[in-house]
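Undergrad: Have a look at this one.
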Amino acid sequence: MEKSDDVMWWGGFSFLSLGIDIIFVFLLVIYQFKRMLNKELSHFSESSKSGNQISEYICSTFLDKQQELDLPSLRVEEGSGVDAIAAARGTTTKKKDRGGRVTPMSHISGVKKPLTHTNSFTGEKAPKHGVETPYEEELGKTLGEIEKWGIDIFRIAELSNNRPLTAVAYTAFQNRELLKTFMIPARTFIQFMMTLEDHYVKDNPFHNSTHAADVTQSTNVLLNSPALESVFTPLEIMAALFAATVHDVDHPGLTNQFLVNSSSELALMYNDESVLENHHLAVAFKLLQNDGCDIFQNLSKKQRQTLRKMVIDMVLSTDMSKHMSLLADLKTMVETKKVAGSGVLLLDNYTDRIQVLENLVHCADLSNPTKPLWQYKKWVALLMEEFFQQGDKEKEANLDISPMCDRHNATIEKSQV
Numbered sequence: 001m002e003k004s005d006d007v008m009w010w011g012g013f014s015f016l017s018l019g020i021d022i023i024f025v026f027l028l029v030i031y032q033f034k035r036m037l038n039k040e041l042s043h044f045s046e047s048s049k050s051g052n053q054i055s056e057y058i059c060s061t062f063l064d065k066q067q068e069l070d071l072p073s074l075r076v077e078e079g080s081g082v083d084a085i086a087a088a089r090g091t092t093t094k095k096k097d098r099g100g101r102v103t104p105m106s107h108i109s110g111v112k113k114p115l116t117h118t119n120s121f122t123g124e125k126a127p128k129h130g131v132e133t134p135y136e137e138e139l140g141k142t143l144g145e146i147e148k149w150g151i152d153i154f155r156i157a158e159l160s161n162n163r164p165l166t167a168v169a170y171t172a173f174q175n176r177e178l179l180k181t182f183m184i185p186a187r188t189f190i191q192f193m194m195t196l197e198d199h200y201v202k203d204n205p206f207h208n209s210t211h212a213a214d215v216t217q218s219t220n221v222l223l224n225s226p227a228l229e230s231v232f233t234p235l236e237i238m239a240a241l242f243a244a245t246v247h248d249v250d251h252p253g254l255t256n257q258f259l260v261n262s263s264s265e266l267a268l269m270y271n272d273e274s275v276l277e278n279h280h281l282a283v284a285f286k287l288l289q290n291d292g293c294d295i296f297q298n299l300s301k302k303q304r305q306t307l308r309k310m311v312i313d314m315v316l317s318t319d320m321s322k323h324m325s326l327l328a329d330l331k332t333m334v335e336t337k338k339v340a341g342s343g344v345l346l347l348d349n350y351t352d353r354i355q356v357l358e359n360l361v362h363c364a365d366l367s368n369p370t371k372p373l374w375q376y377k378k379w380v381a382l383l384m385e386e387f388f389q390q391g392d393k394e395k396e397a398n399l400d401i402s403p404m405c406d407r408h409n410a411t412i413e414k415s416q417v
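Numbering (the UniProt record's numbering), first residue to last: 1 to 417.
This is how it looks when you write it as structure tokens:
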């Protein structure tokens with residue numbers, strides 16, 4: 001073997017050895033973290049009745065069930081699960097023809113017929129802030145702080161005629177000149193946003209269009225972080241903002257686990273995997289097909305495919321069961337680049353770039369605790385009420401009440417872990 005071949009062989013071996021070391025460290029960190037988490041949760045659950053509920057909630061919410069093969073199957077009382085979903089949604093979940101046979105779904109569940117009477121606007125010009133309101137001036141002042149963390153999103157909801165998502169999204173897209181860059185007609189954008197907002201369930205205490213507006217505004221602020229300055233392309237920025245606007249559309253106010261346990265139509269459609277997140281995406285992209293709603297009509301085929309892939313990846317990352325793996329993957333990516341490079345983080349491929357965007361939208365989705373205290377307390381009250389309403393449905397359907405969903409036992413203060 002010549003000397004040059006020897007050097008090449010040794011270089012390849014060193015690189016392989018480095019890769020193995022990184023993988024070993026990553027697996028060791030995950031193993032140690034899970035041991036520590038299980039130990040802490042075990043201690044926590046023994047401390048009190050509410051502690052046990054919180055421990056169960058963390059395990060069922062933040063740990064991916066796909067990685068646990070020995071979970072016992074959940075037995076559902078005959079007729080209970082499907083009826084519970086039907087009661088929750090106000091509709092039946094399966095349709096039968098006259099012969100008694102179950103017919104396949106002819107459309108995406110939750111997508112309404114065009115609501116021209118509610119999502120259109122009068123006048124030839126598009127409203128200044130995307131919505132028609134008698135409080136245009138005051139709304140403009142509040143939206144003028146859209147780049148600030150902790151903006152009063154509840155006030156925006158009041159001033160925008162209960163159209164906070166449309167107002168926030170329109171302002172963010174306008175400020176970033178995305179409508180101009182991608183040749184999106186203002187009327188088309190507003191038409192789509194109003195249609196989208198109509199598909200958020202207003203009766204949900206938490207998962208409604210105000211939450212979507214809050215996540216969109218938070219995403220907009222995080223994209224302005226100095227560390228991310230000039231990192232992402234306009235297409236990536238638009239994809240992140242769009243993902244934030246659609247990430248909970250047609251949310252039924254129930255958890256993925258409830259939908260799976262009750263054998264709901266959505267769980268059957270998506271094979272129990274990220275049920276809600278898959279549904280939100282299906283509804284969002286279906287709405288783009290409505291007349292006058294295709295805001296991406298002037299994108300090239302390549303741009304449209306890339307945007308769709310990014311949006312799918314980002315919305316799926318909001319599934320809370322992916323939380324731990326999402327953080328672990330990001331940490332591994334950052335540490336790997338530090339070891340392999342000069343210490344400067346370069347996002348030079350799709351995998352690395354989408355990881356950062358996934359975590360960014362995920363952070364925006366969970367950002368309530370970082371907002372002003374009065375906002376955080378209000379969000380907590382709304383979320384807990386939604387949990388309690390699910391618990392009421394579970395009790396009525398003879399299902400086990402999910403952790404943190406029993407209004408008679410849960411302690412709100414201790415649940416803020």
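We put the CB at the ideal spot given by N, CA and C, even for glycine.
(1) Which residues mark the beginning and the end of the alpha helix (DSSP H) in which G391 is found?
(2) Looking at the unbroken alpha helix (DSSP H) that takes in P234, where does it start and where does it end?
(3) Run the CB neighbour count on residue 428, radius 10 Å, all protein chains shown included, and call it buried at 16 or more, exposed below.
(4) Where S402 and H323 are concerned, what is the direct C-alpha to C-alpha distance, given to the nearest angstrom?
(5) With C216 and A244 assumed to form a contact (beta carbons below 8 Å), what rounded beta-carbon distance in angstroms separates them?
(6) Measure the C-alpha to C-alpha separation of M183 and A172 and round it to an integer number of angstroms.
(7) Does DSSP classify F296 as helix, strand or coil?
(8) Look at the Cβ atom of M314, then the Cβ atom of E273, and state whether they are nearer than 8 Å.
(9) Should the segment 290-299 be called in touch with the segment 177-196, which here means at least 3 C-beta pairs below 8 Å?
(10) Cutting at 6 Å between CB atoms, please list the residues of its own chain near G110, excluding the five before and the five after it.
(11) Please report how far the alpha carbon of M310 lies from the alpha carbon of R353, in whole angstroms.
(12) Do L307 and M238 have their beta-carbon atoms positioned less than 8 Å apart in this structure?
(13) Classify M404: buried if its beta carbon has 16 or more other beta carbons within 10 angstroms, exposed otherwise.
(14) Could you pull out every residue in the same chain whose Cβ sits closer than 8 Å to the Cβ of T188, ignoring the five residues on either side in sequence?
(15) Between which two residues does the alpha helix (DSSP H) carrying A126 extend?
(16) Enumerate, from N- to C-terminal direction, the unbroken alpha helix (DSSP H) stretches of 4 or more residues contained entirely within the segment 154-208.
(17) Distance check for T351 and S143, CA to CA, integer angstroms please.
(18) Excluding the 5 residues preceding and the 5 following H129 in the sequence, name in chain order all residues of the same chain whose CB lies nearer than 8 Å to its CB.
(19) Quick one: grab the DSSP three-state call for Q67.
(20) When burial is assigned at 16 or more other CB atoms within 10 Å of the CB, is T370 buried or exposed?
(21) Kindly give me the distance between the Cβ atoms of W382 and P205, rounded to whole angstroms, as I take these residues to be in contact under 8 Å.
(22) Can the beta-carbon of A240 be found less than 8 Å from the beta-carbon of T219?
(23) What's the gap between the Cα of P104 and the Cα of E265?
(24) Taking the C-alpha atoms as reference points, what is the distance between E394 and P252?
(25) Exposed or buried, which one is W379 when buried takes at least 16 other CB atoms within 10 Å?
(26) Quick one: is Q355 buried, meaning 16 or more other Cβ sit within 10 Å of its Cβ, or exposed?
(27) In three-state DSSP terms, what is N409?
(28) So, with DSSP's three-state summary, where would you put G140?
(29) Secondary structure at E132, three-state DSSP: helix, strand or coil?
(30) Give me the Cα-Cα distance between L222 and I146, rounded to the nearest whole angstrom.
(31) Here's the rule: buried if 16 or more other CB atoms are within 10 angstroms of the residue's CB, otherwise exposed. What is T318?
(32) Leaving out five residues before and five after L69 in sequence, what residues of the same chain have Cβ atoms less than 6 Å from its Cβ?
(33) Between the Cα of T181 and those of N349, L235 and K301, spot the shortest distance and give me the residue it belongs to.
(34) Going by beta carbon distance, what residues of the same chain come within less than 6 Å of H279, once the five residues before and after it are set aside?
(35) Going by alpha carbons, who is nearest to D348 out of M333, Q303, L299 and V361?
TA: Straight from the coordinates:
(1) L373 to E396
(2) P234 to V246
(3) Beyond the ends of the chain as shown, which are 1 and 417, falls residue 428; an answer cannot be given.
(4) 19 Å
(5) For clarity, residue 216 is Thr in the given sequence; the question names Cys instead. Confirmed, about 4 Å.
(6) 15 Å
(7) coil
(8) no
(9) yes
(10) D250 and V283
(11) 10 Å
(12) yes
(13) buried
(14) G292, C293, D294, I295 and Q297
(15) Per DSSP, A126 belongs to no alpha helix (DSSP H) and is neither H nor E.
(16) 164-175, 178-181 and 186-198
(17) In the sequence on display, residue 143 carries Leu and not Ser. Each residue's alpha carbon lies about 34 Å from the other.
(18) E136, L139, G140, L143, S160, A167, Y170 and T171
(19) Low per-residue confidence applies at Q67: pLDDT is 44, beneath 50, and the placement is therefore not dependable, though the value from the model is reported in the following sentence. Reduced to three states, the DSSP call for Q67 is helix.
(20) exposed
(21) It is Leu, not Trp, that sits at residue 382 in the sequence shown. With a Cβ gap of about 4 Å, L382 and P205 count as contacting.
(22) yes
(23) Bear in mind that the predicted position of P104 carries a pLDDT of just 40, short of 50, making it unreliable; the figure below should be weighed with that in mind. Spanning the two alpha carbons is a distance of roughly 11 Å.
(24) 14 Å
(25) buried
(26) buried
(27) coil
(28) helix
(29) coil
(30) 12 Å
(31) buried
(32) Summary for L69: the model assigns pLDDT 37, below 50, so the residue's position carries little reliability; its value from the coordinates is reported in the next sentence. Counting only Cβ-Cβ distances below 6 Å, and skipping sequence neighbours, we find nothing.
(33) L235
(34) L266
(35) M333
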